[in-house]
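**Q** Just passing along the structure, written as structure tokens.
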Amino acid sequence: MTNVPEKMKAIRYSAYGGPDVLRLEEVPVPAPGEGEVLVRVRAAGVNPGDWQIRSGFAGDRFGLPYIPGWDVAGIVAAGGEAAGFRPGDEVFGMTANSGGCAEYAVVPAGQLARKPAAVSFVEAAALSQSGNTAWHALFEQGRLKAGQTVLINGAAGGVGHLAVQLARWIGARVIGTASARNEAYLRELGVDAFVDYTAGLPAELAGSADLVLDTNAGGDRDWLIDALKPGGRLVPIAFGSHSADKAAKAGVEVQDVQFPPVTAAVLEELARLVGEGRLRVTIDSVFPLEETAKAHERSESRRARGKIVIRVPSE
């Protein structure tokens, strides 16, 4: 066990609202329980769920006061011996109950993996939830296989840009949708076709996809059903509107939003792909811990390309 202080700096809020409710406070360092690891956080990823919880959109199920942040990368400070972790190990993963925007966070050992040496803490912190979500949606829910076609809606976002690369890695044809400003970026990532979502689905792409992965929340998404072949699947990772009647008439399946658990096995596979250069994480922006409110504002704008990350001071 390394020298762990009793107190730490953390971003916390005690009322729901805008980014202005976020405060930098001194709070007790959490203690790891059985099967848990205390991580000295060096970076924390920002996800749309962070501001949705903070704003009250997700209700009061998480309780107050609340420390945001689910994705972390850092150094093992204590715990985890049964899972093979030792103090000083560089790791990344996802907490069970948020708390990542702090100097220390508790992470279940089963949701933690070793950070590849060639990957920075910032990159690793951006990978856990988005990478796991993309993996689950494509390969477990979507059952995507080599030679099939997938349309990824919101392909330039945190989950979307990783999904593009994972689909290409498996040997699928990829259609990416985003705003026009992201076309060159997505073609560089390897999309076979690009759709400006503001212009709608081109006629030649109608009925061409075996799978649609919808990463965007809210609004009418019925045009995505038009992209599917009969027997195709639409997998949403955020809540939106997809007509059940239209899906039934088209002979396609619209699945429910799922919240898959993060597993060490998937994290290790993602780490391997990143280490081999087959998967890269795009970092939209990095903010210091005390500017977490600005990071939330950036995420809430829905204009981020790739991932937003909080950097936590090492001292």
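One point on numbering: in the working numbering, the residue at position 154 of the sequence shown is 1437, and numbering is uninterrupted.
Idealized CB from N, CA, C, for every residue including glycine.
Being a predicted model, the structure only gives us computed values, none of them experimental.
(1) Compare the Cα-Cα distances from Gly-1346 to each of Ser-1297, Gly-1515, Gly-1393 and Ala-1429 and report the closest residue.
(2) Go through the region 1456-1520 residue by residue and report every complete run of the alpha helix (DSSP H) that reaches 4 residues or more, in order.
(3) Among Gly-1514, Arg-1588, Ala-1439 and Ile-1453, whose alpha-carbon lies nearest the alpha-carbon of Val-1478?
(4) Judging by CA-CA distance, which residue of Asp-1343, Gly-1382, Glu-1319 and Gly-1301 is the nearest neighbour of Val-1292?
(5) For Asp-1372, report the span of its beta strand (DSSP E) as first-last.
(6) Between which two residues does the beta strand (DSSP E) containing Val-1324 stretch?
(7) Pairing CB atoms from the region 1524-1538 with CB atoms from the region 1448-1466, are three or more of them under 8 Å?
(8) Let's see if you can read the secondary structure: which residues bound the beta strand (DSSP E) around Ile-1566?
(9) Where in the region 1358-1442 do unbroken runs of the alpha helix (DSSP H), each at least 4 residues long, occur, reported from the N-terminal end onward?
(10) Apply the 10 Å Cβ neighbour rule to Asp-1343 and answer buried if 16 or more other Cβ atoms are within range, or exposed otherwise.
(11) First and last residue of the alpha helix (DSSP H) that includes Ala-1548?
(12) For the beta strand (DSSP E) that Ala-1293 lies in, which residues bound it at each end?
(13) Counting Cβ pairs, one atom from each stretch, are 3 or more of them under 8 Å apart for the region 1408-1428 and the region 1465-1478?
(14) Output the distance between the C-alpha atoms of Lys-1529 and Ile-1508, rounded to the nearest integer angstrom.
(15) With DSSP as the reference, please indicate the residues paired to Tyr-1349 in a beta bridge.
(16) On the three-state DSSP scale, how would you describe Val-1540?
(17) Can you tell me where the alpha helix (DSSP H) with Glu-1239 in it begins and where it stops?
(18) Which residues in the same chain as His-1419 place their Cβ atom closer than 6 Å to its Cβ, once the five residues preceding and following it in sequence are excluded?
(19) Can you find the residues in the same chain that come closer than 7 Å, C-beta to C-beta, to Arg-1369, ignoring five residues on each side of it along the sequence?
(20) Whether or not the region 1349-1367 and the region 1421-1434 are in contact is what I'm after, with contact meaning three or more pairs of Cβ atoms, one per stretch, closer than 8 Å; do they touch?
(21) Would Thr-1498 pass as a contact of Gly-1437 if the rule is Cβ separation under 8 Å?
(22) Give every residue of the same chain whose Cβ lies closer than 8 Å to the Cβ of Lys-1510, excluding the five residues on either side of it in the sequence, and list them in chain order.
(23) Provide the residue span of the beta strand (DSSP E) that contains Leu-1307, from first to last.
(24) Taking the Cβ atom as the reference point for each residue, do Val-1322 and Lys-1290 lie within a distance shorter than 8 Å?
(25) Please look up how many angstroms separate the CB atoms of Leu-1410 and Val-1535, rounded, as I've assumed it's under 8 Å.
(26) Measure the Cβ-Cβ separation of Val-1402 and Val-1557 and say whether it is below 8 Å.
(27) What does the alpha-carbon distance come out to for the pair Asp-1587 and His-1579?
(28) Can the beta-carbon of Pro-1331 be found less than 8 Å from the beta-carbon of Ser-1582?
(29) Under the DSSP definition of a beta bridge, which residues are partnered with Ala-1356?
(30) With distances taken between CB atoms, is the gap from Thr-1575 to Gly-1393 smaller than 8 Å?
(31) List the endpoints of the continuous beta strand (DSSP E) containing Val-1592.
(32) Using the DSSP secondary-structure output, state which residues sit across from Ser-1584 in a beta bridge.
(33) Evaluate Ala-1450 with the Cβ neighbour count: other Cβ atoms within 10 Å of its Cβ, from every protein chain shown; 16 or more gives buried, anything less gives exposed.
**A** For this structure:
(1) Numbered from 1 along the sequence shown, position 63 holds the residue referred to as residue 1346. Taking only the C-alpha atoms, the option nearest Gly-1346 is Ser-1297.
(2) 1466-1472 and 1505-1508
(3) By one-based count along the sequence shown, residue 1478 stands at place 195. Nearest of Gly-1514, Arg-1588, Ala-1439 and Ile-1453 to Val-1478, Cα basis: Ala-1439.
(4) In the sequence shown, residue 1292 corresponds to position 9, counting from 1. Reading the sequence as shown, one finds Lys at residue 1292 and not Val. Lys-1292 has its Cα closest to that of Gly-1382, out of Asp-1343, Gly-1382, Glu-1319 and Gly-1301.
(5) As a position in the sequence shown, residue 1372 is number 89, starting the count at 1. No beta strand (DSSP E) contains Asp-1372, which DSSP labels as neither H nor E.
(6) Stepping through the sequence shown from its first residue, residue 1324 is reached at position 41. Start and end: 1319-1329.
(7) no
(8) Translated into positions along the sequence shown, residue 1566 becomes position 283. Note, Ile-1566: beta strand (DSSP E), 1566-1571.
(9) 1404-1408 and 1411-1418
(10) Position 60 of the sequence shown holds residue 1343. Exposed, because fewer than 16 other Cβ atoms sit within 10 Å of the Cβ of Asp-1343.
(11) The residue given as residue 1548 occupies position 265 in the sequence shown. That run of the alpha helix (DSSP H) goes 1547-1558.
(12) Taking the first residue of the sequence shown as 1, we reach residue 1293 at position 10. Counting along the chain, the beta strand (DSSP E) containing Ala-1293 begins and ends at 1290-1295.
(13) no
(14) The residue given as residue 1529 occupies position 246 in the sequence shown. The residue given as residue 1508 occupies position 225 in the sequence shown. In a straight line, the C-alpha of Lys-1529 is about 8 Å away from that of Ile-1508.
(15) On the sequence shown, residue 1349 is found 66 positions in, with the first residue counted as 1. Its beta-bridge partners are Tyr-1296.
(16) Position 257 of the sequence shown, counted from the start, is the residue given in the question as residue 1540. Three-state result, Val-1540: coil.
(17) One cannot answer for residue 1239 here, as it falls past the ends of the chain, which runs 1284 to 1598.
(18) Working through the sequence shown from its first residue, we reach residue 1419 at position 136. These residues qualify, in order along the chain: Pro-1543.
(19) Here residue 1369 corresponds to residue number 86 of the sequence shown, with the count starting at 1. So the list reads Val-1359, once near-sequence residues are dropped.
(20) no
(21) Walking along the sequence shown from the start, residue 1498 turns up at place 215. Walking along the sequence shown from the start, residue 1437 turns up at place 154. Cβ distance < 8 Å, so Thr-1498 and Gly-1437 count as in contact.
(22) Looking up residue 1510 in the sequence shown gives position 227. Before going on, a small fix: residue 1510 reads as Ala here, not Lys. The residues are Leu-1434, Ile-1458, Leu-1484, Leu-1488, Ala-1489, Gly-1490, Ser-1491, Ala-1492 and Val-1495.
(23) Numbered from 1 along the sequence shown, position 24 holds the residue referred to as residue 1307. First-last of the beta strand (DSSP E) with Leu-1307: 1306-1311.
(24) Start at 1 with the first residue of the sequence shown, and residue 1322 comes out as number 39. Start at 1 with the first residue of the sequence shown, and residue 1290 comes out as number 7. No, they are not a contact pair.
(25) Sequence index remark: in the sequence shown, residue 1410 carries index 127 (1-based). Sequence index remark: in the sequence shown, residue 1535 carries index 252 (1-based). So it is not a contact: roughly 31 Å between Cβ atoms.
(26) As a position in the sequence shown, residue 1402 is number 119, starting the count at 1. As a position in the sequence shown, residue 1557 is number 274, starting the count at 1. Result yes, Cβ atoms of Val-1402 and Val-1557 sit closer than 8 Å.
(27) Within the sequence shown, the letter at position 304 stands for residue 1587. Within the sequence shown, the letter at position 296 stands for residue 1579. Per the sequence presented here, residue 1587 reads as Ala, with Asp not at that position. Spanning the two alpha carbons is a distance of roughly 11 Å.
(28) Taking the first residue of the sequence shown as 1, we reach residue 1331 at position 48. Taking the first residue of the sequence shown as 1, we reach residue 1582 at position 299. Yes, Cβ-Cβ distance for Pro-1331 and Ser-1582 is below 8 Å.
(29) Translated into positions along the sequence shown, residue 1356 becomes position 73. BP columns for Ala-1356 point to Ala-1326 and Phe-1375.
(30) If you number the sequence shown from 1, residue 1575 lands on position 292. If you number the sequence shown from 1, residue 1393 lands on position 110. No, they are not a contact pair.
(31) Within the sequence shown, residue 1592 is the residue found at index 309, counting from 1. 1590-1594 is the extent of the beta strand (DSSP E) around Val-1592.
(32) Here residue 1584 is taken as the residue at index 301 of the sequence shown, counted from 1. DSSP, once it has assigned bridges, lists no residue as partnering Ser-1584.
(33) As a working mapping, residue 1450 is identified with position 167 in the sequence shown. Flag for Ala-1450 reads buried.
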